[in-house]
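Read the structure below first, then the notes.
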Amino acid sequence: LGVASIAALYRFALRVADGREAIFAATLLTVSYHHVWFSQNARGYTGLLLFTLLGSSAFLDMLRDPQPRGIGAPLRYGLWMALATLIHATAVFAVAAHGLVWLCSLWTSRGRNARTNHVQVGAGFVLAGGLSLVLYSLVLPQFFATLLAPTMPGAKVEWKNPSWLVLETLRGLSNGVPGGGFTLAGGLVIVTLGVRSYAKQSVAVLGTFLLGLVVTAVTLLATKHNLWPRMFFFAAGFAVLIAIRGVTEWARIFSFGQLGGLVAKLGTAALAVACLMSAATVPTAWNPKQDFEGPLELVARERQPGDAVATVDMTVMPYAEYFNSGWPAVDSIEALQALEATHARTWIVYCTPTRMKAAQPEIWSRIEREYTVVGTFWGTLGGSEVVVVRRDAAAR
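Just so we're aligned: the sequence shown equals residues 1 to 396 in our numbering.
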């Protein structure tokens with residue numbers, strides 16, 4: 001699915017940009033750390049990316065075609081978006097974005113003889129909805145109950161905070177783009193130029209790029225779901241196209257007089273260098289998502305006779321079922337205190353601090369007060385580091 005999404009981006013790019021931009025967009029996605037990471041570790045999201053690109057291509061084709069010709073185009077759109085929804089329910093946000101673009105097109109074309117194909121677009125939405133319902137028909141009651149249920153209700157979770165989303169997105173991007181934060185700072189100007197260029201070219205195209213992100217964010221906030229950056233990965237192809245266009249626009253702005261040809265070549269060279277630098281970050285995508293072996297080796301090396309080692313929350317399953325460590329799990333402050341009372345030293349191995357704070361607030365508070373961090377083991381999954389802490393009873 002990840003490989004197919006590269007071809008899908010190229011074909012989509014040819015509809016909204018020239019061949020040069022399409023080639024660079026496909027190349028940059030190919031050597032993108034985030035695309036490689038999702039392709040191997042979160043294939044559902046690359047599938048969502050693939051079918052969103054295919055569906056968006058069909059949508060723009062229908063919107064631009066002034067003469068409806070058969071059911072083929074609506075059927076393609078309905079099939080692609082139904083498959084996207086089957087892979088991940090957030091695809092409905094992309095469909096909603098297409099719907100908003102279509103409604104805006106209807107509004108702006110009223111009262112004048114606009115040659116816009118609204119019939120096939122409407123049929124495409126009907127088919128997308130109908131096919132999605134068929135694919136989900138066996139689990140519809142559970143589907144709606146799960147989809148509309150808030151994440152960890154009643155718990156104060158940083159993942160629901162928009163500021164956390166922004167900071168985590170910037171952190172994740174800085175880890176996966178050449179130059180880190182410095183590149184992101186310059187990239188803001190490039191993105192602004194790209195957005196401005198697409199706005200001049202076609203509001204419908206820009207709406208297809210951006211409205212899905214807006215609808216996703218608003219819906220997640222309204223339903224009190226976690227605002228994970230991966231929920232927006234379906235728009236990765238659009239983001240690449242905007243960045244490529246931004247560099248092209250930068251070169252165009254400074255292309256005047258005798259320097260025009262040279263600046264244009266420098267723009268192409270800059271895109272080529274960006275692809276090479278991005279490729280240099282790809283090998284790190286094969287590092288472990290979470291390092292569970294490191295804590296196992298640390299505890300085995302430093303544990304003393306009579307020490308207790310406990311797991312909590314999300315470390316329970318890997319150490320019990322995969323590593324068969326024999327470490328007891330604690331699920332309450334009382335269970336932890338009982339373990340501490342019978343051992344001179346107590347070790348705790350936990351991961352994903354943000355979730356720990358929300359899921360086990362009492363245990364988290366005790367860890368902060370009475371435990372010392374012995375080791376932190378980072379993986380490629382942001383915010384999911386595995387932490388080893390220890391409490392010495394004699395020192396209390």
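Cβ coordinates follow ideal geometry from the N, Cα and C atoms, glycine included. Being a predicted model, the structure only gives us computed values, none of them experimental.
By the 10 Å Cβ neighbour count, where 16 or more other Cβ atoms means buried, how is M317 classified, buried or exposed? Taking the first residue of the sequence shown as 1, we reach residue 317 at position 317. In the assembly as shown, M317 is an exposed residue. Its beta-carbon has fewer than 16 other beta-carbons within 10 Å.
Alpha carbon to alpha carbon, how far is G294 from V388? What you label residue 294 is simply residue 294 of the sequence shown in a count that begins at 1. What you label residue 388 is simply residue 388 of the sequence shown in a count that begins at 1. Their Cα atoms are separated by approximately 10 Å.
Quick one, which of V31, H34 and F51 has its alpha-carbon nearest K11's? As a first step, residue 11 is located in the sequence shown; it is residue number 11 there, counting from the start. A small fix is needed here, since residue 11 is Arg in this sequence, not Lys. Of the candidates V31, H34 and F51, the one whose C-alpha sits nearest the C-alpha of R11 is F51.
For R390, list the residues DSSP reports as bridge partners. Position 390 of the sequence shown, counted from the first residue, corresponds to residue 390. Here R390 is bridged, per DSSP, to W347 and T372.
Report back the beta-carbon spacing between T85 and S132 to the nearest angstrom; my notes put them in contact at under 8 Å. By one-based count along the sequence shown, residue 85 stands at place 85. By one-based count along the sequence shown, residue 132 stands at place 132. Confirmed, Cβ separation roughly 4 Å.
Short of 7 Å in beta carbon distance, which residues of its chain neighbour L79, apart from the five on each side in sequence? Order them along the chain. Counted from its first residue, the sequence shown places residue 79 at position 79. Residues L131 of the same chain have their beta carbon placed closer than 7 Å to that of L79, with the five preceding and five following residues left out of the count.
Looking at the unbroken alpha helix (DSSP H) that takes in T216, where does it start and where does it end? Looking up residue 216 in the sequence shown gives position 216. Where T216 is concerned, the enclosing alpha helix (DSSP H) starts and stops at V203 to A222.
Quick check: I348 and I367, are their CB atoms within less than 9 Å of each other? On the sequence shown, position 348 is the one that residue 348 refers to. On the sequence shown, position 367 is the one that residue 367 refers to. Yes, Cβ-Cβ distance for I348 and I367 is below 9 Å.
Would you kindly work out how many angstroms separate the C-alpha atoms of L28 and S137, rounded to a whole number? Along the sequence shown, read from residue 1 onward, the residue named residue 28 stands at position 28. Along the sequence shown, read from residue 1 onward, the residue named residue 137 stands at position 137. When only Cα atoms are considered, L28 and S137 end up about 38 Å apart.
Please tell me whether V31 and A243 are closer than 9 Å, where the distance is taken between their beta carbons. Here residue 31 is taken as the residue at index 31 of the sequence shown, counted from 1. Here residue 243 is taken as the residue at index 243 of the sequence shown, counted from 1. No, Cβ-Cβ distance for V31 and A243 is not below 9 Å.
Output the distance between the C-alpha atoms of V309 and E321, rounded to the nearest integer angstrom. The sequence position of residue 309 within the sequence shown is 309, counting from 1. The sequence position of residue 321 within the sequence shown is 321, counting from 1. Their backbone Cα atoms lie some 16 Å apart in a straight line.
Return the first residue and the last residue of the alpha helix (DSSP H) that T30 is part of. Within the sequence shown, the letter at position 30 stands for residue 30. Per DSSP, T30 belongs to the alpha helix (DSSP H) from G19 to T30.
Could you check which residue in G267, I6 and Y319 has the C-alpha nearest to that of A22? Position 22 of the sequence shown, counted from the first residue, corresponds to residue 22. The alpha carbon of A22 has as its nearest neighbour, out of G267, I6 and Y319, the alpha carbon of I6.
Give a yes or no on contact between the region 259-279 and the region 41-55, applying the rule of three or more CB pairs nearer than 8 Å. Pairwise C-beta distances place the region 259-279 out of contact with the region 41-55, as fewer than three of them are shorter than 8 Å.
Of the listed residues R345, T352 and G70, nearest to G124 (C-alpha basis): Taking the first residue of the sequence shown as position 1, residue 124 is located at position 124. Distances from the alpha-carbon of G124 to those of R345, T352 and G70 put G70 closest.
From F234, A393 and I363, residue whose alpha carbon lies closest to that of A344: As a position in the sequence shown, residue 344 is number 344, starting the count at 1. If we check each option's Cα against that of A344, A393 comes out closest.
Cβ-based neighbour list, Y371, same chain, cut-off 7 Å, excluding 5 preceding and 5 following: Indexing the sequence shown from 1 puts residue 371 at position 371. I348, V389, R390 and R391.
Here's the rule: buried if 16 or more other CB atoms are within 10 angstroms of the residue's CB, otherwise exposed. What is N117? By one-based count along the sequence shown, residue 117 stands at place 117. Classification of N117: buried, given that the 10 Å Cβ count is 16 or more.
Would a C-beta distance cut-off of 9 Å place I363 and V312 closer than the cut-off? Within the sequence shown, the letter at position 363 stands for residue 363. Within the sequence shown, the letter at position 312 stands for residue 312. Yes. Within cutoff.
Apart from the five residues on each side of it in sequence, which residues of its chain come closer than 8 Å, Cβ to Cβ, to R410? Residue 410 is absent from the model: the chain starts at 1 and stops at 396.
Looking at C-alpha atoms only, which residue of L9, F59, L381 and V101 is the closest neighbour of A285? In the sequence shown, counting from the first residue as 1, residue 285 sits at position 285. The shortest C-alpha separation from A285 is found at L381.
Going by Cα to Cα distance, which pick from V330, R230, R369 and G267 is closest to H88? Start at 1 with the first residue of the sequence shown, and residue 88 comes out as number 88. Of the candidates V330, R230, R369 and G267, the one whose C-alpha sits nearest the C-alpha of H88 is R230.
Between which two residues does the alpha helix (DSSP H) carrying T85 extend? On the sequence shown, position 85 is the one that residue 85 refers to. T85 -> alpha helix (DSSP H) spans G72 to I87.
Using 9 Å as the threshold, is the C-beta distance between V121 and M62 below it? Residue 121 sits at position 121 when you count from the first residue of the sequence shown. Residue 62 sits at position 62 when you count from the first residue of the sequence shown. Yes.
Express the C-alpha separation of G55 and G485 in angstroms, rounding to a whole number. This structure gives no information on residue 485, because the portion of the chain shown stretches from 1 to 396.
Threshold first: 4 residues or longer. Then list the alpha helix (DSSP H) segments lying entirely within the region 230-278, N to C. Complete alpha helix (DSSP H) runs here, min 4: 236-253.
If we call anything under 9 Å between Cβ atoms a contact, is G194 one with L241? Reading the sequence shown from its first residue, position 194 is the one you call residue 194. Reading the sequence shown from its first residue, position 241 is the one you call residue 241. Result yes, Cβ atoms of G194 and L241 sit closer than 9 Å.
Taking all protein chains shown into account, do 16 or more other C-beta atoms lie within 10 angstroms of the C-beta of S109, making it buried, or fewer, making it exposed? As a working note, residue 109 is residue 109 in the sequence shown. So S109 ends up on the exposed side.
Could you tell me the distance, in whole angstroms, from the CA atom of S105 to the CA atom of Y45? The residue you call residue 105 lines up with position 105 of the sequence shown. The residue you call residue 45 lines up with position 45 of the sequence shown. For the pair S105 and Y45, the Cα-to-Cα distance works out to about 29 Å.
Check F125 in the structure and name its three-state DSSP category. Residue mapping note: residue 125 aligns to position 125 of the sequence shown, counting from 1. Of the three classes helix, strand and coil, the one that applies to F125 here is helix, per DSSP.
Spatial neighbours of T342 in its chain, beta-carbon cut-off 8 Å, leaving aside the 5 residues before and after: Numbered from 1 along the sequence shown, position 342 holds the residue referred to as residue 342. If the five residues before and after T342 are omitted, its C-beta is found closer than 8 Å to the C-beta atoms of A308, all from its own chain and listed in chain order.
With burial defined as no fewer than 16 other Cβ atoms inside 10 Å of the residue's Cβ, what is the status of E249: buried or exposed? For the purposes of this step, residue 249 is taken as residue 249 along the sequence shown, with counting starting at 1. E249 is buried by the Cβ-count criterion.
Going by DSSP in three states, T398 sits in which element: helix, strand or coil? Not covered by the structure: residue 398. The range shown for the chain is 1 to 396.
Checking 9 Å against the spacing of the C-beta atoms, do L220 and F238 come in under that value? To locate residue 220, count along the sequence shown from 1; it is residue 220. To locate residue 238, count along the sequence shown from 1; it is residue 238. For the 9 Å CB-CB criterion, L220 and F238 do not form a contact.
Between Y77 and F59, how many whole angstroms is the CB-CB distance? I'm expecting something under 8 Å. Position 77 of the sequence shown, counting from 1, holds the residue named residue 77. Position 59 of the sequence shown, counting from 1, holds the residue named residue 59. The pair is a contact, with the Cβ atoms about 6 Å apart (cut-off 8 Å).
Can you tell me where the beta strand (DSSP E) holding A308 begins and where it ends? In the sequence shown, counting from the first residue as 1, residue 308 sits at position 308. For A308, the enclosing beta strand (DSSP E) has its first and last residue at A308 to T311.
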